[in-house]
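Okay, so the sequence shown: first residue is 15 according to this note's numbering, each after it adds one.
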Amino acid sequence: MSPAPLSPSGPAPSPAPPLRQRFRKRLLDWYRANGRDLPWRNTDDPYHILISEVMLQQTQVDRVLPKYHEWLGKYPSLAALAEAPIDDVTHTWRPLGYNIRPRRLHAIARQSVEQFGGQLPSDHETLMSFKGIGAYTAGAIRSFAFRQRAAILDTNVARVLFRVFIAKGDPKAHAMKRQLWGLSELLVPRKHVFDFNQALMDLGAMVCVARKPRCEVCPMQRFCRSYPWTDAPSRPKRRAD
Ligand code: SF4
Numbered sequence: 015m016s017p018a019p020l021s022p023s024g025p026a027p028s029p030a031p032p033l034r035q036r037f038r039k040r041l042l043d044w045y046r047a048n049g050r051d052l053p054w055r056n057t058d059d060p061y062h063i064l065i066s067e068v069m070l071q072q073t074q075v076d077r078v079l080p081k082y083h084e085w086l087g088k089y090p091s092l093a094a095l096a097e098a099p100i101d102d103v104t105h106t107w108r109p110l111g112y113n114i115r116p117r118r119l120h121a122i123a124r125q126s127v128e129q130f131g132g133q134l135p136s137d138h139e140t141l142m143s144f145k146g147i148g149a150y151t152a153g154a155i156r157s158f159a160f161r162q163r164a165a166i167l168d169t170n171v172a173r174v175l176f177r178v179f180i181a182k183g184d185p186k187a188h189a190m191k192r193q194l195w196g197l198s199e200l201l202v203p204r205k206h207v208f209d210f211n212q213a214l215m216d217l218g219a220m221v222c223v224a225r226k227p228r229c230e231v232c233p234m235q236r237f238c239r240s241y242p243w244t245d246a247p248s249r250p251k252r253r254a255d
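Take a look at the structure:
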């Protein structure tokens, strides 16, 4: 049987192996010196990873931190969450917003109890069979909880990979997203998957931010195709020769 795909991929730019190695090494070195110490980085519990990832989808880390602890104190397992009344669950979620998220978590918890004894499975296809678990969340659970070689692609990761390796075209186009998934798959290493994926997210959150990326302190500047980045309104116009 052929192995499960890492994620839904498309044709992707293919950095040469030495460049991939340099990218991985620089990223991991940077992360070990600068990465954030966050509570969901000190666990391999798939449920804890799921909660953190769903909370972080639309919400800043500083707002997620107290709610993450409160949530796990109140619903310490998928079974406890599945048993809780939905009104209680949505109330506990406040004030994070986007109330579809606690409803999805509740449905995931119920499905896990009904089909998997209150656990989350570790393979891509089965995770994706849960309503509310998409390719990104499946990749996060596999790489952070089960330490599998699985790619991720959230907004921060997509921005970093686009700027470093592509730099042309519409970063939000559907075809580009497929390319970026392919790049993420290509780059994810066999070892240190957890650190590598967390590092990609941190670089996008702390250095290669959407506006005014901090290129001057970026570990990728020597081979980034977008370096030095200048936000569009103030970019110097090219002189017509
Ligand atoms: S050099 Fe600048 S644009 Fe390139 S990855 Fe780093 S912060 Fe982003």
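C-beta: ideal position from N, C-alpha, C; glycine also.
- The continuous alpha helix (DSSP H) containing residue 219 extends over residues 207–220.
- In this structure, the CA atom of residue 135 is about 25 Å from the CA atom of residue 81.
- Under the rule that a run must span 3 or more residues, no beta strand (DSSP E) segment is found entirely inside the stretch 17–103.
- Here DSSP, grouped into helix, strand and coil, assigns residue 129 to helix.
- Between residue 174 and residue 201, the beta carbon gap of about 10 Å keeps them out of contact (Cβ cut-off 8 Å).
- The ligand SF4 has a heavy atom closer than 7 Å to the beta-carbon of residue 227.
- With three or more CB-CB distances shorter than 8 Å, the stretch 192–208 counts as touching the stretch 164–174.
- One alpha carbon belongs to residue 180, the other to residue 58, and they sit about 33 Å apart.
- In the three-state reduction of the DSSP assignment, residue 152 falls in the helix class, which pools H, G and I.
- With 16 or more other Cβ atoms inside 10 Å of its own Cβ, residue 212 counts as buried.
- Judged by the Cβ position, residue 174 qualifies as a neighbour of the ligand SF4 at the 7 Å threshold, a heavy atom of the ligand being closer than this.
- Check the Cα spacing between residue 60 and each of 162, 133, 224 and 176: the tightest is with 133.
- Between the ligand SF4 and the CB of residue 171, the shortest heavy atom gap is not smaller than 7 Å.
- A Cβ-Cβ distance of about 6 Å is found for the pair residue 239 and residue 178, placing them in contact under the 8 Å criterion.
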